[in-house]
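The structure appears below as structure tokens.
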Ligand SMILES: C[S@@+](CC[C@H](N)C(=O)[O-])C[C@H]1O[C@@H](n2cnc3c(N)ncnc32)[C@H](O)[C@@H]1O
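In our numbering, the protein residues as written are 121 to 458.
Here it is as structure tokens:
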């Protein structure tokens, strides 16, 4: 499996689980909250471009998800296009954007913008998408952005700029942060330049910058002849699973409990451990949740599966033993804290 296939597989899995959650993990609960967050992002994009903006522009959103930001931007532009690596995101975007005939969305390869001719757009933007992509994928996109932008077109880009922070190539959601020098160089190599370099905090060393959602504006200053050639070799560990992925599935299941839908939380954890049986914390959280919900026999089954898969986890054996004893001694008990 290569990185393009892995990005497609992982984002497809997330979109099928709950597209809105994986797009906006804090604003997914209902359509109203989700729409409100899209309006806020659209406002930030309009602020970033306000000095150069023209209503006649054609724009492109890279990593558009279901169109959270495309929809509130619709009134401001002539045409809007979006690409996303996930087929499910794009299928859902068709429904989310059904009332907007001047917005079109496409499933893309996850690496390029081959759907579009050269010099098609006045503005390309991207929000909380590039920060998740491996560096070589981002670099490849920069070349493509240069190609599809009109001369003197703009790029409005959310990307954490501060201390250097990397994630393994296989990680399709872990957040990457770029130093100013690095991003400046990548822009130069790809015929782009910051519009307001002075507003970028060059010296930031705080890792909190990683959660920086600011939008930076760049301009196409020259066409590039040759795009960077990146070899998409086979991944060392195609089964790699990002710690952020695991964490977010667990957050989702916690939220389900808070929202009074514990069974959905249980199902989320069950499908997580089925896919990733090595993930001991997922098993433990699932067992705890089953116990909290008084589902004792399922908790026993889960512990049994857990201890079979993780024989060195002695504590699991002990808990199972104690649980079995309690279960046998007081089968009517509904809540047990081993
Ligand atoms: C956190 S979501 C943000 C969606 C949207 N930009 C928004 O703000 O509502 C990240 C999106 O990027 C897409 N994505 C991730 N890697 C991609 C890639 N290599 N090419 C295109 N889309 C990608 C995912 O499928 C997902 O829809």
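Positions of the beta carbon are idealized from the N, C-alpha and C atoms, including for glycine.
Identify the continuous alpha helix (DSSP H) that holds residue i and give its terminal residues.
i, result
"residue 394", "382 to 395"
"residue 197", "Where residue 197 is concerned, there is no enclosing alpha helix (DSSP H), given that its DSSP letter is neither H nor E."
"residue 225", "Note, residue 225: premise wrong, no alpha helix (DSSP H); beta strand (DSSP E) at 223 to 227."
"residue 307", "300 to 309"
"residue 421", "416 to 429"
"residue 175", "Segment: none, residue 175 is in no alpha helix (DSSP H) and carries neither H nor E."
"residue 402", "400 to 412"
Are the Cβ atoms of residue i and residue j separated by less than 8 Å?
i, j, result
"residue 260", "residue 231", "yes"
"residue 190", "residue 165", "no"
"residue 144", "residue 157", "yes"
"residue 187", "residue 216", "yes"
"residue 227", "residue 207", "yes"
"residue 246", "residue 277", "yes"
"residue 370", "residue 376", "no"
"residue 148", "residue 138", "yes"
"residue 268", "residue 200", "no"
"residue 440", "residue 424", "yes"
"residue 123", "residue 352", "yes"
"residue 403", "residue 366", "no"
"residue 290", "residue 220", "no"
So the beta strand (DSSP E) residue i belongs to, where does it begin and stop?
i, result
"residue 180", "178 to 182"
"residue 312", "312 to 314"
By alpha-carbon positions, which one of the options ends up nearest to residue i?
i, options, result
"residue 172", "257, 243, 140", "243"
"residue 419", "127, 129, 142, 407", "407"
"residue 342", "313, 162, 139", "313"
"residue 129", "397, 378, 292", "292"
"residue 174", "241, 417, 204", "241"
"residue 265", "309, 281, 298", "309"
"residue 307", "258, 333, 271", "258"
"residue 66", "297, 275, 377, 354", "No answer is possible for residue 66: it lies beyond the span of the chain, which begins at 121 and ends at 458."
"residue 256", "303, 283, 239", "303"
"residue 196", "204, 209, 225, 159", "159"
"residue 389", "398, 405, 380", "405"
From the DSSP secondary-structure annotation, give me the bridge partner or partners of residue i.
i, result
"residue 354", "122"
"residue 278", "335"
"residue 204", "227"
"residue 246", "277"
Taking DSSP as the reference, what is the three-state secondary structure of residue i?
i, result
"residue 441", "helix"
"residue 150", "coil"
"residue 256", "helix"
"residue 271", "strand"
"residue 236", "coil"
"residue 214", "helix"
"residue 138", "helix"
"residue 340", "strand"
"residue 285", "strand"
"residue 377", "helix"
"residue 362", "coil"
Does any residue of chain B have a CB that is nearer than 8 Å to the CB of residue i?
i, result
"residue 128", "Looking for chain B here will not work: only one protein chain is present."
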